[in-house]
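If you're matching positions, the sequence shown starts at 20 in our numbering and goes up one per residue. Just so you know, even glycine gets a beta-carbon here, dropped at the ideal spot from N, CA and C.
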Amino acid sequence: MKNILGFFLSLVSTSVLCQDGQLDYSFNPYVNLNNSVISIAEQNDNKILIGGSFGSNNNNIKRLNVDGTTDTSFGAVINFPIVNDIFVQNDNKIVVVGRSPSYIKRLNENGSLDATFNFPGATINGWINKVVVLNNGKIIIAGIFNQIGNIPREAVARLNPNGSLDTSFNLNLPPVTGIRAMDVQPDGKILIAGQNDETSNQYRIFRRYLQNGTLDTSFNGDEEHYIYDIKTQQDGKIMISGPFDDYSNIIRYNVARLNNDGTLDPTFDSYNIPQNGSIYTIFDIAILDDGKYIINGSFSIYDQVTSNYIAKINHDGTIDTSFNIGLGPNDFVHETYVQQDGKILIGGNFTTYNGNSINRIARLDNSLLSTDPYLLGDSITIYPNPTKDKVDIRLDNGLETESILTIYSSTGQLLKVEEFTNRKTIDLSFLTSGMYVFCIKNGTQINTYKILKQ
């Protein structure tokens with residue numbers, strides 16, 4: 020045990036081993052990617068799909084196992100120069116869109132082409148950016164196109180489950196529109212944002228449509244700026260990001276929260292990301308279960324804190340300093356995806372993270388505070404949380420195995436190390452009120468939890 024403890028202490032001497040925002044070393048994506056990861060999706064079995072522009076030999080889509088290794092059973096051949104978006108249907112079929120002569124394909128779970136999907140083709144000046152599969156199996160696509168088959172459709176279209184055009188749906192957008200961002204809200208309403216950049220007729224679009232394709236006149240979106248991402252919260256409020264510095268003439272740098280009617284939510288502010296055209300912007304927002312957000316893009320500072328390309332922000336827009344990325348990625352992050360277990364996948368053009376070699380896809384630790392006992396499967400329980408002076412830790416794995424508990428402050432300072440077998444009551448009376456990080460090492464597994472001391 021002394022050797023194990025000494026080894027573990029040598030690991031934790033970095034003071035950030037178990038902090039949120041650090042690399043999850045159980046995920047080792049040894050994949051040959053020579054360019055950006057743009058899209059990430061997770062299957063029901065927790066396998067991970069990635070798409071982008073990372074090499075023609077890979078067809079620009081790959082599937083990874085839970086540990087990040089390549090799933091060699093996935094045999095997709097799609098011939099897409101770039102994959103922009105991936106959506107996994109409830110039946111585990113996979114819809115892929117991007118830049119390609121066919122623009123959209125549906126795959127079976129093993130990666131083979133779904134022969135029942137018959138997209139009629141499109142006249143496209145660019146590509147398809149976004150895809151969402153509705154609960155009824157119909158498919159909404161958005162991007163830069165003006166025709167599906169021989170039927171005019173500008174920038175947004177809805178397909179039937181078999182890939183044919185749903186002719187009952189038409190947004191009647193103005194010509195030469197490019198849609199970059201789209202979100203289908205829980206009530207079926209559709210948010211879109213885009214633009215026309217032709218010199219003689221420039222305009223921006225930020226609108227909401229009803230399920231039948233008619234304009235929702237109750238939505239008051241500001242159509243003065245580019246919007247790169249739209250995400251709807253469970254409470255109906257809307258997060259947007261992009262290269263803007265105001266919303267409805269009120270200063271908001273690159274990220275804003277809106278009420279459900281499109282008006283600005285004044286309880287959320289953005290904290291002075293420096294503006295320099297398109298050099299500083301936010302590409303993507305991920306909404307976490309605790310109401311916080313992960314933002315990523317081309318920025319290097321947020322809320323006066325150095326934060327290269329990625330940051331975690333609180334519900335009011337201030338930076339969450341407990342999310343410690345260190346040096347972070349060395350290049351742009353294009354996509355953030357929150358997995359079912361709360362961990363964070365990031366994809367982009369980076370090749371290192373906090374000085375560690377990592378090739379354009381990485382997973383970060385992200386523990387969430389809960390008022391219920393923390394459970395790791397059926398084996399670990401930590402309770403109560405929040406707590407006043409002590410917590411009970413119980414391992415119910417049926418084995419008399421020794422574990423090591425390490426407690427850190429929210430800034431990464433090592434506070435306590437204890438060894439225990441199966442069950443332990445930990446005295447926290449020596450700690451002041453605040454958030455603390457518990458790391459439990461059992462065998463080769465290290466698990467991280469946040470505990471609130473009241």
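From Gly396 to Leu414, what does the alpha carbon distance come to, in whole angstroms? On the sequence shown, residue 396 is found 377 positions in, with the first residue counted as 1. On the sequence shown, residue 414 is found 395 positions in, with the first residue counted as 1. With a pLDDT of only 42 at Gly396, under 50, the local geometry of the prediction cannot be trusted, and the value read off the model is given with reservation. Cα-Cα distance, rounded: 11 Å.
So what does DSSP say about Gly310, is it helix, strand or coil? Taking the first residue of the sequence shown as position 1, residue 310 is located at position 291. Coil at Gly310, not helix or strand.
Among the residues of its own chain, which have a CB less than 6 Å from the CB of Gly316, if the five just before and after it don't count? Position 297 of the sequence shown, counted from the start, is the residue given in the question as residue 316. Counting only Cβ-Cβ distances below 6 Å, and skipping sequence neighbours, we find Thr300, Ile301 and Phe302.
Output needed for Gly94: all residues of its chain with C-beta closer than 8 Å, excluding positions within five of it in sequence on either side, in chain order. One-based indexing of the sequence shown puts residue 94 at position 75. Around Gly94: Asn129, Gly130 and Ser131.
Distance, Thr337 Cα to Ser289 Cα: Along the sequence shown, one-based indexing puts residue 289 at 270. Along the sequence shown, one-based indexing puts residue 337 at 318. So the two alpha carbons sit approximately 7 Å from each other.
Using the beta-carbon count (16 or more within 10 Å), is Leu277 buried or exposed? As a first step, residue 277 is located in the sequence shown; it is residue number 258 there, counting from the start. Classification for Leu277: buried.
Quick one: is Lys469 buried, meaning 16 or more other Cβ sit within 10 Å of its Cβ, or exposed? As a first step, residue 469 must be located in the sequence shown, where it is residue number 450. Lys469 should be labelled buried.
With DSSP collapsed to three states, give me the class of Arg200. Working through the sequence shown from its first residue, we reach residue 200 at position 181. Rather than Arg, the amino acid found at residue 200 in this sequence is Ala. Three-state DSSP puts Ala200 in a strand.
Does the Cβ-Cβ distance between Gly345 and Glu354 come in under 7 Å? In the sequence shown, counting from the first residue as 1, residue 345 sits at position 326. In the sequence shown, counting from the first residue as 1, residue 354 sits at position 335. The answer is no: Cβ separation not under 7 Å.
Determine the DSSP secondary structure at Glu128, reduced to helix, strand or coil. Position 109 of the sequence shown, counting from 1, holds the residue named residue 128. DSSP places Glu128 in coil when its eight states are reduced to three.
Give the DSSP-derived three-state secondary structure of Arg413 in the structure shown. The sequence position of residue 413 within the sequence shown is 394, counting from 1. Correct three-state label for Arg413: strand.
Once the 5 residues before and after His244 are set aside, which same chain residues still bring their CB inside 7 Å of it? Reading the sequence shown from its first residue, position 225 is the one you call residue 244. For His244, where only same-chain residues beyond five positions count, the Cβ hits under 7 Å are Arg223, Gly261 and Phe263.
Keeping to the same chain, check which residues put their C-beta closer than 8 Å to that of Thr451; ignore five residues upstream and five downstream. Counting from one through the sequence shown, the residue named residue 451 turns up at place 432. So the list reads Lys472, once near-sequence residues are dropped.
Nearest neighbour of Asn181, chosen from Gly197, Ile163, Pro194 and Ile159 [CA to CA]: Locating residue 181 in the sequence shown gives position 162, where the first residue counts as 1. Ranking Gly197, Ile163, Pro194 and Ile159 by CA distance to the CA of Asn181 puts Ile159 first.
By alpha-carbon positions, which one of Asp43, Ile426 and Ile459 ends up nearest to Leu434? Translated into the one-based positions of the sequence shown, residue 434 becomes position 415. The candidate whose alpha carbon is nearest that of Leu434 is Ile426.
Between Gly232 and Leu178, is the Cβ-Cβ spacing less than 7 Å? For this step, residue 232 is matched to residue 213 along the sequence shown. For this step, residue 178 is matched to residue 159 along the sequence shown. No, Cβ-Cβ distance for Gly232 and Leu178 is not below 7 Å.
So Gly347 is in the beta strand (DSSP E); what residue range does that whole segment cover? Here the question's residue 347 lines up with position 328 in the sequence shown. No beta strand (DSSP E) contains Gly347, which DSSP labels as neither H nor E.
Exposure label - Ile270; buried when at least 16 CB within 10 Å: The sequence position of residue 270 within the sequence shown is 251, counting from 1. Residue environment analysis places Ile270 among the exposed positions, since fewer than 16 neighbouring C-beta atoms fall within 10 angstroms of its C-beta.
Count the CB pairs spanning the segment 361 to 380 and the segment 401 to 410 that are closer than 8 Å, and state whether there are at least three. no
Proximity to Asn378 [Cα-Cα], best of Asn333, Val56 and Asp280: By one-based count along the sequence shown, residue 378 stands at place 359. The option with the nearest alpha carbon to Asn378 is Val56.
Kindly identify the DSSP beta-bridge partner or partners of Ala251. Here the question's residue 251 lines up with position 232 in the sequence shown. According to the sequence provided, residue 251 is Thr. The question's Ala does not apply to it. Per DSSP, Ile257.
Answer yes or no: do Val50 and Thr89 have a C-beta to C-beta separation smaller than 7 Å? Sequence index remark: in the sequence shown, residue 50 carries index 31 (1-based). Sequence index remark: in the sequence shown, residue 89 carries index 70 (1-based). In this structure, Thr89 lies closer than 7 Å to Val50 by Cβ.
Just how far apart, CA to CA, sit Asn441 and Lys331? Indexing the sequence shown from 1 puts residue 441 at position 422. Indexing the sequence shown from 1 puts residue 331 at position 312. When rounded, the distance between both Cα atoms is 34 Å.
Length of the line joining the Cα atoms of Gly197 and Asn155: Counting from one through the sequence shown, the residue named residue 197 turns up at place 178. Counting from one through the sequence shown, the residue named residue 155 turns up at place 136. Spanning the two alpha carbons is a distance of roughly 26 Å.
Smallest Cα separation from Phe188: which of Asp216, Gly40, Val116 and Leu229? Against the sequence shown, residue 188 aligns to sequence position 169. Minimum Cα distance to Phe188 is reached at Leu229.
CA-CA distance, Leu42 and Lys208? Translated into the one-based positions of the sequence shown, residue 42 becomes position 23. Translated into the one-based positions of the sequence shown, residue 208 becomes position 189. One C-alpha to the other measures close to 37 Å.
Please report how far the alpha carbon of Phe225 lies from the alpha carbon of Leu52, in whole angstroms. As a first step, residue 225 must be located in the sequence shown, where it is residue number 206. As a first step, residue 52 must be located in the sequence shown, where it is residue number 33. So the alpha carbons of these two residues sit roughly 34 Å apart.
Under the three-state DSSP convention, the category Pro171 falls into: What you label residue 171 is simply residue 152 of the sequence shown in a count that begins at 1. Looking at Pro171 - three-state DSSP - the assignment turns out to be strand.
Ser29 - DSSP class collapsed to helix/strand/coil: As a working note, residue 29 is residue 10 in the sequence shown. The predicted position of Ser29 is uncertain, since its pLDDT is 38 and thus under 50; no value can be drawn from it.
On the DSSP bridge list, what partners appear for Asp446? Against the sequence shown, residue 446 aligns to sequence position 427. Paired residue(s): Lys409.
Could you please give the first and the last residue of the uninterrupted beta strand (DSSP E) stretch that includes Phe457? Stepping through the sequence shown from its first residue, residue 457 is reached at position 438. Unbroken beta strand (DSSP E) run through Phe457: Gly453 to Asn461.
Ignore the nearest five residues each way along the sequence and tell me which others in Ile118's own chain have a CB closer than 6 Å to its CB. As a working note, residue 118 is residue 99 in the sequence shown. Before going further, note that residue 118 is Arg rather than Ile in the sequence given. Excluding residues within five positions, the ones whose Cβ falls inside 6 Å are Pro100, Ile101 and Trp146.
Using beta-carbon positions only, say whether Phe342 and Gly40 come within less than 7 Å of one another. For the purposes of this step, residue 342 is taken as residue 323 along the sequence shown, with counting starting at 1. For the purposes of this step, residue 40 is taken as residue 21 along the sequence shown, with counting starting at 1. A contact, by the Cβ cut-off of 7 Å.
Sequence-distant residues of the same chain with beta carbon closer than 8 Å to Phe287, five excluded per side: In the sequence shown, residue 287 corresponds to position 268, counting from 1. So the qualifying residues of the chain are Ala275, Arg276, His334, Asp335 and Gly336.
Quick one: Cα of Asn169 to Cα of Asn78, how far? The residue given as residue 169 occupies position 150 in the sequence shown. The residue given as residue 78 occupies position 59 in the sequence shown. In a straight line, the C-alpha of Asn169 is about 28 Å away from that of Asn78.
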